[in-house]
Amino acid sequence: MDATFLAWNYMGNRDAERLVFHYLTSTAQAAAAKADFLLCNTFSDIEPAVFAGPTPATILPIGPLRTWQRPTRHAPVGHFWHPDDDACMSFLDAQPRGSVVYVAFGSISIMTAAQLEELALGLEASGRPFLWVVRPEQAGKLPAGFADAIDGLGKGKVVGWAPQEQVLGHPAVGCFVTHCGWNSTLEGIRNGLPMLCWPYFTDQFTNQTYICDIWRVGLRVASAEGGRLVMKERVVELLDRIFEDESAKERVLRLKEMAEKNMSEEGQSLNNLNVLMESMGR
Numbered sequence: 004m005d006a007t008f009l010a011w012n013y014m015g016n017r018d019a020e021r022l023v024f025h026y027l028t029s030t031a032q033a034a035a036a037k038a039d040f041l042l043c044n045t046f047s048d049i050e051p052a053v054f055a056g057p058t059p060a061t062i063l064p065i066g067p068l069r070t071w072q073r074p075t076r077h078a079p080v081g082h083f084w085h086p087d088d089d090a091c092m093s094f095l096d097a098q099p100r101g102s103v104v105y106v107a108f109g110s111i112s113i114m115t116a117a118q119l120e121e122l123a124l125g126l127e128a129s130g131r132p133f134l135w136v137v138r139p140e141q142a143g144k145l146p147a148g149f150a151d152a153i154d155g156l157g158k159g160k161v162v163g164w165a166p167q168e169q170v171l172g173h174p175a176v177g178c179f180v181t182h183c184g185w186n187s188t189l190e191g192i193r194n195g196l197p198m199l200c201w202p203y204f205t206d207q208f209t210n211q212t213y214i215c216d217i218w219r220v221g222l223r224v225a226s227a228e229g230g231r232l233v234m235k236e237r238v239v240e241l242l243d244r245i246f247e248d249e250s251a252k253e254r255v256l257r258l259k260e261m262a263e264k265n266m267s268e269e270g271q272s273l274n275n276l277n278v279l280m281e282s283m284g285r
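Offset between the sequence shown (1-based) and the numbering used here: plus 3.
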């Protein structure tokens with residue numbers, strides 16, 4: 004992997020980079036020195052090099068972790084119902100299989116008003132149905148009347164929150180536009196969805212490298228140097244490319260199968276959880 008994409012290289016200035024580098028390395032060293040086990044929300048098939056060699060402590064991949072969902076519309080365990088839940092799922096129910104673009108950038112990422120406008124116009128111009136999560140503090144940057152107009156035409160839906168695991172598991176969703184947080188990355192894989200990558204900071208750029216260059220199940224939205232406005236035409240172009248990329252779809256479905264195998268009764272991740280429980284009982 005190109006060291007340029009390591010987490011600490013995207014903090015904005017050298018002092019912040021040094022601070023993050025020190026925090027990550029010192030935390031890892033302290034944990035390795037004191038812990039019997041290091042638990043990781045991952046699975047060995049997607050990071051084989053990490054688990055192939057000797058390690059200071061026993062690293063146990065126990066992922067991909069998920070909130071177990073009941074086979075109904077009831078909320079998953081540990082999930083609190085939100086007013087947008089039914090609106091999201093009803094919208095998806097009305098769309099063709101594999102047609103919807105799901106857009107969500109997590110709880111921290113920030114976009115300028117100009118960038119949000121270009122993304123909005125690009126989603127509209129793509130002609131594809133979309134479900135877009137825009138946090139309330141960012142919603143005021145959208146073009147005036149955009150959300151209501153799109154909703155009224157049935158072309159898309161803008162919400163302040165979405166039940167992401169349920170959304171990504173819905174058969175209508177065909178693509179995930181993501182900030183590449185690790186949980187979101189695993190959720191995309193677990194549901195067999197190709198991704199458009201729009202990272203914001205730290206490890207999200209590392210995860211983007213895995214998605215685009217190592218696993219080859221997604222495309223970069225922004226240029227490597229960043230800072231440039233992503234225009235609506237590029238949004239349309241990338242959506243067309245990812246929806247038409249049958250090879251990427253096949254690769255991410257293979258990763259999905261690996262994830263399911265690891266969390267099955269005979270899978271490595273579940274076995275590692277049992278190893279941990281047995282160790283705690285001694």
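Glycine residues also receive a C-beta, built at the ideal position from the N, C-alpha and C atoms.
Going by DSSP in three states, residue i sits in which element: helix, strand or coil?
i, result
"F46", "coil"
"M198", "strand"
"V106", "strand"
"V255", "helix"
"N277", "helix"
"F133", "strand"
"P99", "coil"
For the alpha helix (DSSP H) that contains residue i, what are its first and last residues?
i, result
"V220", "Run containing V220: none; DSSP gives neither H nor E here."
"I245", "235 to 247"
"I153", "149 to 156"
"K37", "17 to 37"
"P307", "Missing from the structure shown is residue 307; the chain here goes from 4 to 285 and no further."
Give me, in chain order, the residues of the same chain whose beta-carbon lies closer than 7 Å to that of residue i; leave out the 5 immediate sequence neighbours on both sides.
i, result
"G2", "As displayed, the chain neither begins before 4 nor continues past 285, which places residue 2 out of reach and without an answer."
"V103", "L95, P132, F133, L134, A175, V176, G177"
"L334", "Limits of the chain in this structure are 4 at one end and 285 at the other, which puts residue 334 out of reach."
For residue i, count neighbouring C-beta atoms within 10 Å of its own C-beta (all shown protein chains included) and say buried if the count is 16 or more, exposed if not.
i, result
"A107", "buried"
"A19", "exposed"
"L241", "buried"
"T188", "buried"
"K252", "buried"
"Q32", "exposed"
"T30", "exposed"
By the DSSP assignment, the beta strand (DSSP E) with residue i in it spans what residues?
i, result
"F179", "176 to 181"
"V161", "159 to 162"
"T205", "Counting along the chain, T205 falls outside any beta strand (DSSP E), and DSSP gives it neither H nor E."
"I192", "It is not in any beta strand (DSSP E) - I192 instead sits in the alpha helix (DSSP H) that spans 185 to 193."
"L63", "61 to 64"
If you measure from the beta carbon of residue i to each beta carbon in chain B, is any gap under 8 Å?
i, result
"G221", "No chain B appears in this structure, which consists of one protein chain only."
Apart from the five residues just before and just after residue i, which ones in its own chain have a Cβ nearer than 6 Å to its Cβ?
i, result
"R223", "C200, C215"
"Q211", "C183, C200, P202"
"R73", "With a pLDDT of only 43 at R73, under the threshold of 50, the placement of this residue in the model should not be trusted; the figure read from the coordinates follows. Excluding positions up to five away in sequence, the list is empty."
Discussion item. I want to know whether the segment 172 to 179 touches the segment 137 to 156 - three or more CB-CB distances under 8 Å.
Written reply: A contact is defined here as three or more CB-CB pairs under 8 Å, and the segment 172 to 179 fails this definition with respect to the segment 137 to 156.
Discussion item. If contact is defined by three or more beta carbon pairs under 8 Å, each pair taking one atom from either stretch, is the segment 148 to 158 in contact with the segment 259 to 278?
Written reply: Output reads no: the segment 148 to 158 does not touch the segment 259 to 278.
Discussion item. Check whether the segment 233 to 246 and the segment 112 to 126 are in contact - that is, three or more C-beta pairs closer than 8 Å.
Written reply: Contact holds: three or more Cβ-Cβ distances are below 8 Å.
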